[in-house]
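Comments concern the structure below.
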Amino acid sequence: MATIKIISVALIIGLCSCANNETEHSNNNNKIPVSDTNQVEKSVTQNVSDTIKRLVVDDYPVTNEMFAQQRVDNSSTFRKVSGLTQSLDKVWFGNDTVKQTLVFELYTDYHRLATFNFYNNSFPPDLIKQIELHTQDGEVVSEKQKQEDFQGFLNQTVKINSTYFVSDKGFKLGDNKQKAIKLYGTPDEQTLNNGFEKLVWKFTGDNLYDGKENLKGKALAQDSYGHQITMFFKGNKLVGQILYNDIP
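Each residue of the sequence shown is one higher than the one before, starting from 1 at the first, in this note's numbering.
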């Protein structure tokens with residue numbers, strides 16, 4: 001009788017063990033490795049991103065070679081000085097025929113962090129505020145000091161052909177507001193200050209788009225980490241533009 005009980009217990013243990021193995025095998029089959037999950041998420045994000053229209057960001061046809069020629073003493077700096085103010089990381093170009101200035105704020109490998117285009121004799125105060133200049137000690141200069149010394153930088157601009165003052169998308173100072181709205185759509189910001197109307201468009205870059213942000217029907221900035229266009233109008237005419245390109 002004792003022998004029969006021992007055999008029965010052994011059989012029960014064996015059956016339980018088999019059942020557990022079956023359950024574990026089933027659970028393992030249902031698990032997806034973390035790496036596979038990440039791949040699926042990336043694939044979904046990529047697929048979503050591929051269906052969204054792209055905006056090729058605007059630029060001016062000034063070349064990197066033209067930047068390189070402006071380096072001080074063959075170094076990596078573009079330093080210019082006017083009065084008590086210095087410009088450290090910017091290249092200044094001008095043209096006396098169209099009476100305009102182009103300022104490029106550069107980052108590593110000539111990345112165009114910001115580009116400013118404006119008339120020499122009448123520029124929006126809000127545009128000039130966004131051109132960061134420094135004291136001799138490297139501190140950000142005050143707006144009052146910047147205004148006093150700004151003309152000195154305009155006097156030092158490198159003269160280039162007027163064709164460089166037309167953007168790749170065909171924008172030039174003097175264009176009407178409707179041309180910009182037709183291309184970029186309704187602006188994200190619209191303000192009026194000191195007689196200048198400022199329109200701002202912001203575009204998410206496709207390099208960082210995660211597929212979750214609500215783009216509200218807007219295009220993604222192609223090959224970009226983020227792109228912003230700021231235009232200033234006076235009397236419905238374009239009198240200044242800033243192109244800004246985010247960095248990772």
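From the three backbone atoms N, C-alpha and C, an ideal C-beta is built for every residue, glycine too.
Query                                                                                                              : Result
Contiguous alpha helix (DSSP H) assignments of at least 4 residues, all confined to the region 53–90               : 64–68
Residue of Thr108, Gly174, Leu88 and Glu197 minimising C-alpha distance to Tyr249                                  : Here the chain has residues from 1 to 248 only, and residue 249 is not among them.
Sequence ranges, beta strand (DSSP E) only - wholly within the region 183–242, length at least 3                   : 189–193, 196–203 and 227–234
CB contact flag (Gly83, Asp149, <8 Å)                                                                              : yes
Thr191 versus Gly170: straight-line alpha-carbon distance, rounded                                                 : 24 Å
Range of the contiguous beta strand (DSSP E) that encloses Leu106                                                  : Gln100 to Leu106
Same chain, Cβ closer than 6 Å to Phe67, five either side skipped, listed in chain order                           : Val91 and Tyr110
Contact under 8 Å by Cβ, Ile247 with Thr230                                                                        : no
Straight-line Cα distance separating Phe196 from Thr186                                                            : 18 Å
Close-in-space but distant-in-sequence residues of the same chain around Glu154 (CB under 8 Å, 5 per side omitted) : The identity of residue 154 in the sequence shown is Leu, whereas the question assumes Glu. The answer, listed in chain order, is Trp92, Gly94, Thr101 and Asn120.
Supposed contact pair Val62 and Phe123 - C-beta distance, whole angstroms, cut 8 Å                                 : That pair is no contact at about 19 Å.
Same chain, Cβ closer than 8 Å to Pro125, five either side skipped, listed in chain order                          : Asn193, Asn194 and Phe196
Whole-number beta carbon distance between Ser162 and Val239, since they are thought to touch under 8 Å             : Going by Cβ atoms, the distance from Val239 to Ser162 rounds to 17 Å, so no, they are not a contact pair.
Straight-line Cα distance separating Leu199 from Asn236                                                            : 12 Å
Host alpha helix (DSSP H) of Leu127 (start-end)                                                                    : Pro125 to Lys129
Beta-carbon gap between Thr85 and Val141 smaller than 8 Å                                                          : yes
Gln228 vs Leu55 beta-carbon contact at 8 Å                                                                         : no
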